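Undergrad: One structure follows; several queries about it will come next.
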């Protein structure tokens, strides 16, 4: 009979200093290992690049079929250990093998840093062992538990119809010269994309006269209308969906509901609930980018003129000269248009006013309520639509190349984007399943995309199993919420601060969800890792190593997304109207 005083840590060792520091090398910010249930000894390597860890989705693993609400709730209870503050957890593949399918599946638990001193090992190890024991009860014997120190970071940081009228989308299309592909020319429009009135544009809070705090900024996700529950048409108001922590932030009590028209009546003289576009920093960045683009086009013109003079019988060289010459004039036109945007007063830059936003809390599905509807000003004049610009972008081109290299033509056709003549994809809510991918009968992984004001266009893969996040809530019990988890496809980071509110959508344009945030590891430096290109496309896709510099907030390895089905359900209950994606 076992002794009641048996050491629960027998056979397990506290990580060494080197193991703490280098175990997660390759992940964003090289987070610190707190503990792990695997007893496999960690081998010290002098060449950290050769053992860089990478994250990929769970893919084909029996845990996908074993995962259930009871198991998830049991893990939440298992982590309720005094002296342990956890932030989120999710099953994921982590490994250093070039083939992500060979990465072991682990239950990754992210811990918050204690207010004083380092995280004690004992309470973390006890909780990790309880989590592993629970997995074993569900007949999952090949998944270990690993704990790292990190924290959730909301993807918010502290467009203009006039400008849109100047855009020539032909500059973002493939050049009509055989064998010619000038991505530099195609990126001219990318410099002003965050100023344009499309999903993905930058939005920011209007500051009050005596407000010295830094105004939050984020991304407009998509536009919708509200209809009466009997489906009768509503007035012509258009609303923009984004994140509450972008539009409201800390300027209103976190659990205070905002409902139209009362929110406008109460706060009419308070600019904190008005949202602006085309802010000074955004205009400055666009101006700087256009200046660089103009210099580059002039350099390319000189090169093409030299090629043309050396090849007088080649008409393509002459055509290229003409195109570079025209592009210089186009950049100058955009610079003039940008000056008009820069001169616009606050009234002309007002996007709208927050009309609906529930206080932070957990909805009936387990979703963290962090959405807001901004009633758009002068909707007809702005010509708002849910068109997301996709073509001509370097990331789009990289995605097509990567996908074509690893997929059969028949498979690739299923990932084809149905773009219009100008390279836009229409976002929609047609054929929307009743539940997000991780909550369906068959837990599936999906290719998705997003356009945010910081990272622009990115592609990602959804994880088969949801992430579980814990949010402290003042003196009340912490809030535990469920999130769709996305890792990047091409390599890098699916989102960065400033992308909060961005729509995540599939290749047909069907909206999947809204970006909430991700993880960060503060005040740690990363290892210099050589990025590895994607070698295959399966249910598991590599997320390349992070590249944060010491002293910077690194980008997250994973992104948390609020499922659109749950947001729309909460919107119906909160507003009393039926939301309709335009």
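In the working numbering, the protein residues as written are 1 to 582. Glycine included, every Cβ here is placed at the ideal spot set by N, Cα and C. Computed from a predicted model, the values in this text were never measured in an experiment.
1) Within the chosen definition, does the segment 426-439 reach the segment 501-512 through at least 3 CB pairs nearer than 8 Å?
2) Given this structure, state the Cα-to-Cα distance separating residue 489 from residue 425, to the nearest angstrom.
3) Where DSSP assigns a beta bridge to residue 579, which residues make up the other side?
4) Distance, Cα to Cα, residue 379 vs residue 308?
5) Give me the DSSP bridge partner(s) of residue 471.
6) Apart from the five residues on each side of it in sequence, which residues of its chain come closer than 7 Å, Cβ to Cβ, to residue 352?
7) Could you pull out every residue in the same chain whose Cβ sits closer than 7 Å to the Cβ of residue 301, ignoring the five residues on either side in sequence?
8) Cβ of residue 561 within 9 Å of Cβ of residue 506?
9) Rounding to the nearest angstrom, what Cα-Cα distance links residue 332 and residue 445 in this structure?
10) Taking C-alpha atoms, which residue in 192, 137, 89, 196 lies nearest to residue 145?
11) Could you round the C-beta distance between residue 111 and residue 34 to whole angstroms and report it? I think they count as a contact, below 8 Å.
12) Terminal residues of the continuous alpha helix (DSSP H) containing residue 507?
13) Since residue 136 is in the beta strand (DSSP E), which residue starts that stretch and which ends it?
14) Leaving out five residues before and five after residue 384 in sequence, what residues of the same chain have Cβ atoms less than 7 Å from its Cβ?
15) What's the call for residue 282, buried or exposed, on a 16-neighbour Cβ count within 10 Å?
16) Taking the C-alpha atoms as reference points, what is the distance between residue 419 and residue 478?
17) Tell me, please, which residues DSSP counts as bridged to residue 387.
18) Confirm, please, whether the CB-CB distance from residue 188 to residue 338 is below 9 Å.
19) Confirm, please, whether the CB-CB distance from residue 558 to residue 75 is below 9 Å.
20) Give the straight-line distance between the Cα atoms of residue 25 and residue 139, rounded to the nearest whole angstrom.
21) Could you give the residue range of the beta strand (DSSP E) that holds residue 36?
22) Any heavy atom of the ligand FMN within a distance shorter than 8 Å of the CB on residue 374?
23) Could you tell me whether the Cβ atoms of residue 503 and residue 458 are closer together than 9 Å?
24) Whole angstroms are fine: how far does the CA of residue 442 sit from the CA of residue 226?
25) Using the rule of at least 16 other Cβ atoms within 10 Å of the residue's Cβ for burial, across every protein chain shown, is residue 253 buried or exposed?
26) From which residue to which residue does the beta strand (DSSP E) around residue 69 run?
27) At what residues does the alpha helix (DSSP H) containing residue 63 begin and finish?
28) Here's the rule: buried if 16 or more other CB atoms are within 10 angstroms of the residue's CB, otherwise exposed. What is residue 336?
29) Sorted by chain position, which residues of the same chain lie with C-beta nearer than 8 Å to residue 372's C-beta, five sequence neighbours on each side aside?
30) Would residue 128 pass as a contact of residue 36 if the rule is Cβ separation under 9 Å?
31) Are there 16 or more other CB atoms within 10 angstroms of the CB of residue 590, so buried, or fewer, so exposed?
32) Measuring only the C-alpha atoms, how far is residue 251 from residue 122?
33) Going by the beta-carbon positions, is the gap between residue 514 and residue 91 smaller than 9 Å?
34) Should residue 440 go down as buried or exposed, given a rule of 16 or more other Cβ atoms within 10 Å for buried?
35) I'd like to confirm the pairing. Which residues does DSSP put opposite residue 86 in its beta bridges?
36) Just reading off the beta strand (DSSP E) that residue 146 is part of, what are its end residues?
TA: Here's the rundown:
1) yes
2) 19 Å
3) 226
4) Any reading at residue 379 must be qualified, since the residue scores a pLDDT of 48, below 50, and its modelled position is unreliable; no value is offered.
5) Beta-bridge partners assigned by DSSP to residue 471: 479.
6) 240, 275, 374, 375, 376, 377
7) 321, 324, 325, 328
8) Taking 9 Å as the cut-off, the Cβ atoms of residue 561 and residue 506 do not count as close.
9) 44 Å
10) 89
11) 6 Å
12) Per DSSP, residue 507 lies in no alpha helix (DSSP H) and is assigned neither H nor E.
13) Note, residue 136: premise wrong, no beta strand (DSSP E); alpha helix (DSSP H) at 121-137.
14) 197, 223, 238, 376
15) Around the C-beta of residue 282, 16 or more other C-beta atoms lie within 10 Å, and the residue is accordingly described as buried.
16) 44 Å
17) 426
18) Taking 9 Å as the cut-off, the Cβ atoms of residue 338 and residue 188 do not count as close.
19) no
20) 31 Å
21) 32-36
22) Here there are no bound small molecules, and the ligand FMN is not part of this structure.
23) no
24) Distance between the alpha carbons of residue 226 and residue 442: 32 Å.
25) With fewer than 16 other Cβ atoms within 10 Å, it is exposed.
26) That residue, residue 69, is in no beta strand (DSSP E); its alpha helix (DSSP H) goes 69-78.
27) 63-66
28) exposed
29) 241, 242, 243, 244, 246, 247, 248, 258, 354, 356, 357
30) yes
31) This structure cannot settle anything about residue 590, because the visible part of the chain is limited to 1 through 582.
32) 39 Å
33) Pairing residue 514 with residue 91 gives a Cβ-Cβ distance that is not under 9 Å.
34) exposed
35) 111
36) 144-149
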